[in-house]
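Under the numbering used here, the first residue of the sequence shown carries the number 363, and numbering increases by one thereafter. Ideal placement from N, C-alpha and C gives every residue a C-beta, glycine not left out. Here the structure is laid out as structure tokens; the discussion comes afterwards.
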Amino acid sequence: MYTSLIRPLLFQLDPEKAHYVATALGNTLCSIPFAGPRIVQRHAGKWPQLEQKLSGITFPNPLGIAAGFDKNGDYTDLLRFIGFGFAEYGSITARPSPGNPHPRLFRLKKDRALINRMGLNNAGAEAVCHGIMKQQRQRPELFDGFPGGINIAKTHDPYITGDDAIQDYITSYRFAREPAAWITLNVSCPNTTEGKTFEDKMALKELLDGIASERKDSDPPLLVKFSPDTDQSTIHDLVTICEDSNIQGYVLGNTTTRRDGLRTPGEHLEKIGPGGLSGSPLFAGTLQQVSYFRNMLPSERILIACGGIDTSDKAVRLISAGANLLQFYTGLVYEGPALINKINQALIDRLNETGAPSLKHLHQS
Ligand SMILES: Cc1cc2nc3c(=O)[nH]c(=O)nc-3n(C[C@H](O)[C@H](O)[C@H](O)COP(=O)(O)O)c2cc1C
Numbered sequence: 363m364y365t366s367l368i369r370p371l372l373f374q375l376d377p378e379k380a381h382y383v384a385t386a387l388g389n390t391l392c393s394i395p396f397a398g399p400r401i402v403q404r405h406a407g408k409w410p411q412l413e414q415k416l417s418g419i420t421f422p423n424p425l426g427i428a429a430g431f432d433k434n435g436d437y438t439d440l441l442r443f444i445g446f447g448f449a450e451y452g453s454i455t456a457r458p459s460p461g462n463p464h465p466r467l468f469r470l471k472k473d474r475a476l477i478n479r480m481g482l483n484n485a486g487a488e489a490v491c492h493g494i495m496k497q498q499r500q501r502p503e504l505f506d507g508f509p510g511g512i513n514i515a516k517t518h519d520p521y522i523t524g525d526d527a528i529q530d531y532i533t534s535y536r537f538a539r540e541p542a543a544w545i546t547l548n549v550s551c552p553n554t555t556e557g558k559t560f561e562d563k564m565a566l567k568e569l570l571d572g573i574a575s576e577r578k579d580s581d582p583p584l585l586v587k588f589s590p591d592t593d594q595s596t597i598h599d600l601v602t603i604c605e606d607s608n609i610q611g612y613v614l615g616n617t618t619t620r621r622d623g624l625r626t627p628g629e630h631l632e633k634i635g636p637g638g639l640s641g642s643p644l645f646a647g648t649l650q651q652v653s654y655f656r657n658m659l660p661s662e663r664i665l666i667a668c669g670g671i672d673t674s675d676k677a678v679r680l681i682s683a684g685a686n687l688l689q690f691y692t693g694l695v696y697e698g699p700a701l702i703n704k705i706n707q708a709l710i711d712r713l714n715e716t717g718a719p720s721l722k723h724l725h726q727s
């Protein structure tokens, strides 16, 4: 129904407009009062074999929505209704931001990909975190068994640099620590005016030291989200810095600024201009990074694979390579919500075929 009916209609619209139409309509339908309790019940306990406890958080299934889809924590009803097991809200930034000028989101249909230069548009850490906490207070059942992480980034302003940039992250961290099941440090957003990320050894170390000085024992686990564009020797050094800073896991990874190997014609890409590419072309790199990280790290580190997941086969390969959890965004745009059940079913089939008692036992299978 999605690919034959809904997607053709949505694809008539500008991509960003299509996102707001689909999410607003879906969420409104899902949040009508009598439907609420049924939504929460719909998938509850549906995949007992896929449930995992990681760093103290129980994930009812391994599929989550990637950061960027629900920047302000507005769509939990919808995300839960369509079967995700968790969400990563954000990126949020210390100051609210309207993001970059429009248009800033583009479809590459031939590549089953998107290019975005949203520019970290969000309502600001204080507003988003207070909004999520309000929902958690008023509708605890909505969040019960549906963990939500919060992804934090530096405010999109090239004049915020050095110590101010670290303070910017710390401000968001302070707001996020209460409502978040985990916090992801987004050090890899490619859409900043200064064109700089925190994937530089000194910058990352200073950032992690700054966050460490804020961290309390009761704080949620801390994850770091890397870019797929960073070469392996740099990644090795960055991970060593993270491991010295008590990081519980990694999200692998963000969008890419590369354009090689695409079917979309060069003139079309040039017309679109700069931005982060997401979707199918990322998959090979994601798989490689997950294997590399799993071999390098202690088994208790959480690895969230993200980038190019749009079939159940790809999902199974990433879990086999060592991912604990999977996130996607662009796959949802192209395949619709049915992809979630398809992947969960394929993972169950894989467990049954191999006799593995849990997803962790599929690693390296
Ligand atoms: C429109 C759009 C906005 C995004 N915004 C964010 C963001 O704010 N923070 C972030 O960490 N990642 C952001 N991402 C990256 C996704 O979280 C994900 O890492 C990337 O899209 C790769 O996954 P996919 O191939 O399944 O889309 C965004 C992606 C898209 C398409």
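Start-to-end residues for the beta strand (DSSP E) that takes in residue i
{"i": "K587", "result": "584-588"}
{"i": "R469", "result": "467-470"}
{"i": "L425", "result": "425-427"}
{"i": "I416", "result": "Checking the displayed sequence, the identity of residue 416 turns out to be Leu instead of Ile. That run of the beta strand (DSSP E) goes 414-416."}
{"i": "Y451", "result": "448-454"}
{"i": "A475", "result": "475-478"}
{"i": "T546", "result": "545-548"}
{"i": "F508", "result": "Element bounds for F508: n/a, residue is neither H nor E."}
{"i": "F421", "result": "419-421"}
C-alpha distance - residue i paired with residue j, whole-angstrom precision
{"i": "D562", "j": "Y531", "result": "16 Å"}
{"i": "G452", "j": "D436", "result": "10 Å"}
{"i": "G407", "j": "L425", "result": "14 Å"}
{"i": "G388", "j": "F443", "result": "9 Å"}
{"i": "R369", "j": "L375", "result": "10 Å"}
{"i": "E488", "j": "S534", "result": "7 Å"}
{"i": "M564", "j": "Q403", "result": "47 Å"}
{"i": "Y696", "j": "S575", "result": "42 Å"}
{"i": "L416", "j": "G628", "result": "43 Å"}
{"i": "L724", "j": "A449", "result": "23 Å"}
{"i": "F431", "j": "F373", "result": "17 Å"}
{"i": "C604", "j": "M658", "result": "13 Å"}
{"i": "L644", "j": "R656", "result": "18 Å"}
{"i": "G524", "j": "A515", "result": "14 Å"}
Proximity test, residue i beta-carbon vs ligand 1 heavy atom, cut-off 7 Å
{"i": "A428", "result": "yes"}
{"i": "M564", "result": "no"}
{"i": "S595", "result": "no"}
{"i": "C668", "result": "yes"}
{"i": "Y535", "result": "no"}
{"i": "S453", "result": "yes"}
{"i": "K587", "result": "yes"}
{"i": "A515", "result": "yes"}
{"i": "C491", "result": "no"}
{"i": "N706", "result": "no"}
{"i": "G693", "result": "yes"}
{"i": "L476", "result": "yes"}
{"i": "N462", "result": "no"}
{"i": "I671", "result": "yes"}
{"i": "M480", "result": "yes"}
{"i": "F690", "result": "yes"}
{"i": "K379", "result": "no"}
{"i": "T385", "result": "no"}
{"i": "G445", "result": "no"}
Residue i CB to nearest heavy atom of ligand 2 below 7 Å
{"i": "N548", "result": "With respect to small molecules bound, the structure shown includes ligand 1 and not ligand 2."}
Cβ distance (whole Å) where residue i is taken to contact residue j below 8 Å
{"i": "T618", "j": "L639", "result": "5 Å"}
{"i": "V652", "j": "A685", "result": "5 Å"}
{"i": "R479", "j": "P636", "result": "6 Å"}
{"i": "I394", "j": "Y691", "result": "The Cβ separation is near 26 Å, so there is no contact."}
{"i": "N434", "j": "G493", "result": "7 Å"}
{"i": "L721", "j": "L412", "result": "7 Å"}
{"i": "T517", "j": "S589", "result": "19 Å between Cβ atoms; not a contact."}
{"i": "L805", "j": "I528", "result": "A question about residue 805 goes unanswered here, because the residues of the chain that appear run from 363 up to 727."}
{"i": "C668", "j": "V586", "result": "C668 to V586, Cβ: 13 Å. No contact."}
{"i": "A810", "j": "P509", "result": "Absent from the model: residue 810. The displayed extent of the chain is 363 to 727, so no value can be given."}
{"i": "R466", "j": "E378", "result": "7 Å"}
{"i": "A475", "j": "G641", "result": "3 Å"}
For residue i, the first and last residue of its enclosing alpha helix (DSSP H)
{"i": "T533", "result": "524-538"}
{"i": "L440", "result": "438-443"}
{"i": "F505", "result": "502-505"}
{"i": "L721", "result": "Where L721 is concerned, there is no enclosing alpha helix (DSSP H), given that its DSSP letter is neither H nor E."}
{"i": "G388", "result": "377-392"}
{"i": "L372", "result": "369-372"}
CB contact below 8 Å: residue i versus chain B
{"i": "I419", "result": "The chain labelled as chain B is not found in the depicted structure, where only one protein chain is given."}
At 4 residues or longer, and completely inside the region 638-707: list those alpha helix (DSSP H) runs for me, N to C.
Segments of the alpha helix (DSSP H) lying fully in the region 638-707: 645-658, 674-683, 692-697.
Sequence ranges, beta strand (DSSP E) only - wholly within the region 554-632, length at least 3:
Note on the region 554-632: whole beta strand (DSSP E) runs with a minimum of 3 residues are 584-588, 611-614, in chain order.
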